[in-house]
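Report on one structure; see the data block that follows.
2 protein chains.
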Amino acid sequence: MAKKPDEIAKALGVSITTVRLVLGGKAEKYRISQSTQARIHDYVKQHGVKFDLTARSLKLKRTHTFGLIIPRLANPFFARVSEELEHRCREAEYQLIISCSNSDEETEKELADGLVQRNVDGLFVVSSTSHCQKHLSNSISKPLVFLDRDYGDTTAPIITSSNYEGARELSAALLKRAEDEPVYFLVGGIDQPTIKERVQGYLEVMPSLAGNAWVLQSERNRTQDGEQMMLALWEKLGKPPKNLMVSSLPVLEGALAVLRSKLGLMPPKLRLGTFDDNRMLPFLPNEVWSVKQDEAEWAVAALKAMTQIINGQAPQSKTIATRLLHYPNSC
Amino acid sequence: MAKKPDEIAKALGVSITTVRLVLGGKAEKYRISQSTQARIHDYVKQHGVKFDLTARSLKLKRTHTFGLIIPRLANPFFARVSEELEHRCREAEYQLIISCSNSDEETEKELADGLVQRNVDGLFVVSSTSHCQKHLSNSISKPLVFLDRDYGDTTAPIITSSNYEGARELSAALLKRAEDEPVYFLVGGIDQPTIKERVQGYLEVMPSLAGNAWVLQSERNRTQDGEQMMLALWEKLGKPPKNLMVSSLPVLEGALAVLRSKLGLMPPKLRLGTFDDNRMLPFLPNEVWSVKQDEAEWAVAALKAMTQIINGQAPQSKTIATRLLHYPNSC
DNA sequence: GTGAAAGCGCTAACAT
DNA sequence: ATGTTAGCGCTTTCAC
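Taken in sequence, the protein lines are chains H and G. Oh and the first sequence: position 252 is 232 in the numbering used here, straight run, nothing missing. Oh and the second sequence: position 268 is 248 in the numbering used here, straight run, nothing missing.
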C-alpha cells in the first residue's frame, strides 16, 4: 500500500534525496521548488509513505524506544503503571517495550541485556532485588530510571510512592476504629524496601509495646503467603481478628480465602486495611481502607526523569503521594 | 562492559569476519581453527559480547519482534493475555511490543502503522471496530492475527473464547436458582461480536416470551454504562433485582455502585452472573457465577497461528473454551 | 583457514 | 534547486 521513498522518486522522476528532504521537512532549508514539493506531497497523500525506522535507527544510533521491566502485568497496579507510561511515551514519540521479569533475577538481567541489544534509548526498571539493581546500575550504559524500589545501591533516579506516610495514615485510620483490639499486619515480601517502609510506618503508629507481636511476615508476596500467614494467625487466636492490615492485595486474597474456609462465611465485623486498589473492594461486606498509589503521576515523573538524563540534565527522583480510600461496611 | 565484535577482533588480532563466524555458529562451515575458536570463546566468556540487533534487522529484514494492540492494559483480562503472550513470544525468541488503542479507531490505525514502520514481523490485534478490522486486513502486509473479536471482515485467523457457550452455561446456572424471578442482563458494548454472542446465549436459555424485556443495553462497556443501566432498571422495578447478569466487570462495578448508593448496603440476596474474573469476587456478600476465559490458551493459540503464517502454512483460528466459576454467598 | 567486499535504507555533508 | 556519496553494523558470498 504505502510507497517507499525510492518508489515515490521513481514515479515522480526526481531523486530519492529530494523526496527525503521534502518529507523530512527540510524542503525550505535546501530550497526545493514549490512545485516539486506539491507533487511529492500530493503523491504521498494518495499513496502514503513507509519509512524504515530500522535503518534510521542504525544510522542515528537512537531507536526512539524505551524498555520497561516490571515483575508482572497480571499485577493490576503494574499494569496501570505500564499503560500510563506507554501512553506518555507515545506522546513523546517513543515506543515503550514492556517485559515481565516474574521477580526473577536472571530473567531481569536477560531482559535488560536483550533490550540493550535492541538499542533502546533508555530503560525503566522495577528491580527484583538489591543485587539486581546494583548489577544493572553498573552494567547498563543506557539512561536508567528505577521504579518503585530503592535498595540504596544506585545513583539512578527512583520513582516511588510515599509508602511510609501511606502506611502511617492507614495504620492510624484502623487504630482509631480498632476498639482496643489489636491491628494485626500480614506482611509479604519483607526484603523489598517499599514493604519495609510500610512496616515502619505501621510500627511507629501502633502502641509501642504490643507492636511487634502483631506483625506476621513472609518472604514473598503471593496469595499462598497470605494464606500461610492467616493460618498462623488463626492458630494463635483461634478466631478471626477484628482488625487486619495487609501489605498487598495478593496477601489480602490469601488471608480472606482462609477466613472464608474456616468460617464458611466472611466475617463482616472484620475491618480491613490494604495497599493498592481493587475495583471490587467497595463491595466487600467489610469496612475497608486502601492506600491508593497514583500511577499517572508515576508515569509523568518517570518519563520526566528519563528525559532529563537524555538531555544531560540532572534527573530528579520523586516520591509520589498516596491517597487513603475508605469504604464503609456493605452488610 | 560487553565488547563489540570489532573490539574482540582487534584484541585477538583476527578479522572481524572470523569473530562473527565463530560467534554466529558458522565456525565449522568455514573451518575456523580450533585454537582461534577457543581464543574467541574465552574472550567472550570473560568480557561478554554485544551485537547490534538493529543492524542485523536491517540486513535480514526481520526484527524478531511482534506487535500487540489491545484496548487497555488496565483491563485485567487483557493484561493477563498480554503477559502470557509476552512470555510465549520470548520463549520463541521474539520480543513483544504492547500498545493500547483505548478502543479508538484512529489510535488503533496509527499504532498499527507505527509498528509496521518499526518492521515488526507480525501483529496481534484486538480490533475496536468492524471498520478497523477490515482496514487493517487490507492495508497491513504483515502476518496478522486477530484476538477476541471476529467482525467477519477478515481472512486472518481469529483467537477468541466460546462466548456463546459460556453465556448459555452462565444463564442456565442463574436460571436454575432464579426462584421464578427474572434474570436481568445488563449488556455493555452491544456492537462487539463477543457481546452479541453472549446476548444470544442468554436469550436462547431464558424463557422465550419474557426474554427480551429483561435485557438492558448500552453502546459502550464502561463503569458509567453499568451505572446508567442499573439506574434504568431501578426506575422500572423500584427495588433491587433478585438475579442479575452483566456482560463484563466494568458494568458490574457500575451496577453494584448504584445498588449500594440506593440501598446504603449491598443486597446479599442478589445473585450475580458475570464474565471475566476478579480475584475479589469470592468475597462479595452475594452468590456469584463468573465465566472465566483461559488467557494462557489464548496466548498459545495466537502464537501458533502467527508461526503458521510465517512458515507459510494455513493458520488456524481457534475458539477457546471458558470455565464457569461459582462462589457461594459469603454473608 | 581467514579476510575483504557488497548492500540492506537511512542521514548528513558535500557536489553540482 | 537538486543529486551524489559515505558509512552506521550486520550477513553472505567470494577471493586469497
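For each residue, glycine too, the CB sits at the ideal point set by N, CA and C.
Label TYR10/G either buried or exposed according to how many other C-beta atoms from any shown protein chain fall within 10 Å of its C-beta, with 16 as the threshold for buried. exposed
DSSP three-state call for HIS306/H: helix, strand or coil? strand
Residue nearest to LEU304/H in terms of C-alpha spacing, selected from THR(-2)/H, THR43/H, ALA158/H, ASP257/H: ASP257/H
State the beta-bridge partners of TRP214/G as determined by DSSP. Bridge partners of TRP214/G: none, in fact.
Range covered by the alpha helix (DSSP H) that runs through LEU(-8)/H: -15 to -8
Since CYS80/G meets chain H, which of its residues come closer than 8 Å, beta carbon to beta carbon? GLU63, GLU66, HIS67
Is there a Cβ from chain G that is less than 9 Å from the Cβ of LYS9/H? no
Run down chain G in chain order and give the residues with a C-beta less than 7 Å from the C-beta of ASN143/H. Simply none; closest approach about 22 Å.
Between which two residues does the beta strand (DSSP E) containing ARG251/G stretch? 251 to 255
Going along chain H, which residues have a C-beta under 8 Å from CYS311/G? LEU245, MET246, PRO248, PRO265, CYS311
Shortest alpha-carbon distance to SER121/H belongs to which of PRO187/G, LYS30/G, GLN288/G? LYS30/G
Please list, in chain order, all residues of the same chain as SER108/H whose beta carbon is under 7 Å from its beta carbon, the five residues on each side excluded. PRO51, SER81, SER83, ASP84, GLU85, GLU88
Contact list for the segment 140 to 172 of chain H against chain G, Cβ threshold 8 Å: none
Residues bridged to GLY5/G by DSSP? Bridge partners of GLY5/G: none, in fact.
Where ASN258/G sits in the DSSP three-state scheme: coil
Run through chain H and tell me which residues come within less than 9 Å of GLN75/G, C-beta to C-beta. ILE77, SER79, GLY94, LEU95, ARG98
If you draw a straight line from the C-alpha of PHE175/H to the C-alpha of ILE49/H, how long is it? The sequence shown places Ile at residue 175/H, not Phe. Between ILE175/H and ILE49/H, the C-alpha separation is close to 20 Å.
Is there a Cβ from chain H that is less than 9 Å from the Cβ of LEU261/G? yes
Starting from the N-terminal side, write out each stretch of the beta strand (DSSP E) that is 3 residues or longer and does not extend beyond the segment 32 to 58 of chain G. 45 to 50
Check the C-beta distance from GLN75/H over to ILE77/G and give it rounded, since I have them as a contact under 8 Å. 7 Å
Under a CB-based cut-off of 9 Å, is LYS(-17)/H close to chain G? no
To be precise: take each residue of the segment 19 to 52 of chain G, compare its Cβ to all Cβ atoms of chain H, and keep it if any distance is under 7 Å. Which residues remain? LYS30, PHE31, ASP32, LEU33, THR34, ALA35, SER37, LEU38, THR43, ARG52
Runs of 3 residues minimum, wholly inside the segment 71 to 105 of chain G: which ones carry the beta strand (DSSP E) assignment? 75 to 80, 102 to 105
Could you round the C-beta distance between CYS311/G and CYS311/H to whole angstroms and report it? I think they count as a contact, below 8 Å. 5 Å
Name the residues in the segment 226 to 237 of chain H whose C-beta lies less than 9 Å from a C-beta of chain G; which are they? LEU229, PRO230, LEU232, GLU233, LEU236, ALA237
To which residues of the same chain is LEU65/H closer than 8 Å at the C-beta, ignoring the five residues directly before and after it? LEU48, LEU76, PHE104, TRP278, ALA279, ALA282, LEU283
Start-end ranges of the beta strand (DSSP E) lying completely within the segment 100 to 147 of chain H, minimum 3 residues: 102 to 105, 124 to 127, 138 to 141
Say whether chain H places a C-beta atom closer than 9 Å to the C-beta of PRO56/G. yes
Are the segment 141 to 158 of chain H and the segment 219 to 231 of chain H touching by the rule of at least three beta carbon pairs closer than 8 Å? yes
Where GLN17/G falls: helix, strand or coil (DSSP): helix
How would you call LEU95/H, buried or exposed, if buried means at least 16 neighbouring beta carbons within 10 angstroms? buried
With a threshold of 9 Å between beta carbons, is ALA59/H in contact with chain G? yes
Within 10 angstroms of the Cβ of GLU8/H, are there 16 or more other Cβ atoms? Answer buried if so, exposed if not. exposed
6 Å CB neighbourhood of HIS306/G in its chain, flanking five on each side removed: TRP269
I'd like to know whether the C-beta of THR134/G is nearer than 9 Å to at least one C-beta of chain H. no
How many angstroms separate the CA atom of PRO187/H from the CA atom of ARG251/H? 18 Å
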